[in-house]
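Structure record follows, encoded as structure tokens.
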Amino acid sequence: MNHFPYSAIGFDLDGTLLDTFRDLGEAVNHALELGGFKPVPVDSSKDLIGGGAKIMLSRAVDAQGGMEREDFRALYKKMLAFYADNNAVHSRPYPGVIDTLDQLAEHGVKMAVVTNKFESFATDILTQLGLADRFVTIIGGDTMGRGRDGQLLAKPAPDPVIEARKRCAAVQDSTGHFAFVGDSSYDVAAAKAAGVPVIVAAYGYCDKPPHELGGHAVIDGFDGLIPALHGLPRP
Numbered sequence: 302m303n304h305f306p307y308s309a310i311g312f313d314l315d316g317t318l319l320d321t322f323r324d325l326g327e328a329v330n331h332a333l334e335l336g337g338f339k340p341v342p343v344d345s346s347k348d349l350i351g352g353g354a355k356i357m358l359s360r361a362v363d364a365q366g367g368m369e370r371e372d373f374r375a376l377y378k379k380m381l382a383f384y385a386d387n388n389a390v391h392s393r394p395y396p397g398v399i400d401t402l403d404q405l406a407e408h409g410v411k412m413a414v415v416t417n418k419f420e421s422f423a424t425d426i427l428t429q430l431g432l433a434d435r436f437v438t439i440i441g442g443d444t445m446g447r448g449r450d451g452q453l454l455a456k457p458a459p460d461p462v463i464e465a466r467k468r469c470a471a472v473q474d475s476t477g478h479f480a481f482v483g484d485s486s487y488d489v490a491a492a493k494a495a496g497v498p499v500i501v502a503a504y505g506y507c508d509k510p511p512h513e514l515g516g517h518a519v520i521d522g523f524d525g526l527i528p529a530l531h532g533l534p535r536p
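Per our numbering: the sequence shown = residues 302 to 536.
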């Protein structure tokens, strides 16, 4: 246990721990149809995931001409209401996630989730899938509140990653060594700004080619995580 290189790890959710694109895509299409827009292929939602549900819907709406700000806000709320009731219909852990989380737990590694999804949604989905209890904390895009500019302190801001590291260390009563795993430029930027090493999940919804995201390592499957952690420069 003492030889494991990291005592705590933070994970992005969508595209890293869970394959969630179908539920997200169906929520986007529900909102688009309510707003009088054409639905988009559900698979295309993979290209929209990254900055959270609002950005997903905004990009889909803008691609069809856009809409007034107040109308968009109302449509976004309807999307969230639908997603609240249908957020774990198709979403599942990626291959290798359960076994790898078990191995990390055996090494005494504390784990956290840091997502741009609202905390309540992330907790609900993980609870439905029987995974919530595996994590010391679940930090969502709204957990840290808003910054001075009025924007939510979510990735790519470092604040939620820093907070996850603090909460994991508090459980262990030590500073520990923390690494982060994600699949997007938001994840890499947040981790680097927080001063922690980051591993890119190439199998996820990467918004750039995985090896161009700037991570310290890249994995093609979740079962490659532990070898990648051992290959990172010693903290």
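Yeah, the Cβ is synthetic: ideal placement off N, Cα and C, and Gly gets one too. These figures come from a predicted structure and were not determined experimentally.
R447 has L453 as its beta-bridge partners, per DSSP. With a minimum length of 3 residues, the unbroken runs of beta strand (DSSP E) contained wholly in the segment 332-419 fall at 411-415.
Taking one beta carbon from each stretch, the segment 432-439 and the segment 410-420 have 3 or more pairs nearer than 8 Å; the two touch.
When the five nearest sequence neighbours on each side are left out, the beta carbons in the same chain lying within less than 7 Å of the beta carbon of E334 are those of P340, in order along the chain.
The residue from L319, F338 and E407 with its alpha-carbon nearest to that of V482 is L319. Check the Cα spacing between E420 and each of E407, G446, D400 and V398: the tightest is with G446. Per the Cβ contact rule, the segment 378-386 is in contact with the segment 320-328 (3 or more Cβ pairs under 8 Å). Under DSSP, I440 forms a beta bridge with V415. Just measuring C-alpha positions, the residue of A503, G496 and T444 sitting nearest T424 is T444. Contact between the segment 356-365 and the segment 397-410 is absent, with fewer than three C-beta pairs closer than 8 Å. D320 carries a strand assignment under DSSP once its states are collapsed to helix, strand and coil.
One alpha carbon belongs to H531, the other to H331, and they sit about 43 Å apart. Take R468, set aside five residues on each side of it, and the residues of its chain with a beta-carbon closer than 7 Å to its own are A413, V437 and T438, in chain order.
Exposed is the label assigned to D450, since fewer than 16 other Cβ atoms lie within 10 Å of its Cβ. Around the CB of K509, fewer than 16 other CB atoms lie within 10 Å, so the residue is classed as exposed. With fewer than 16 other CB atoms across the displayed protein chains lying within 10 angstroms of its CB, E371 is exposed. Take A495, set aside five residues on each side of it, and the residues of its chain with a beta-carbon closer than 6 Å to its own are P459, V462 and I463, in chain order.
Counting along the chain, the unbroken alpha helix (DSSP H) around G532 starts and ends at L526 to G532.
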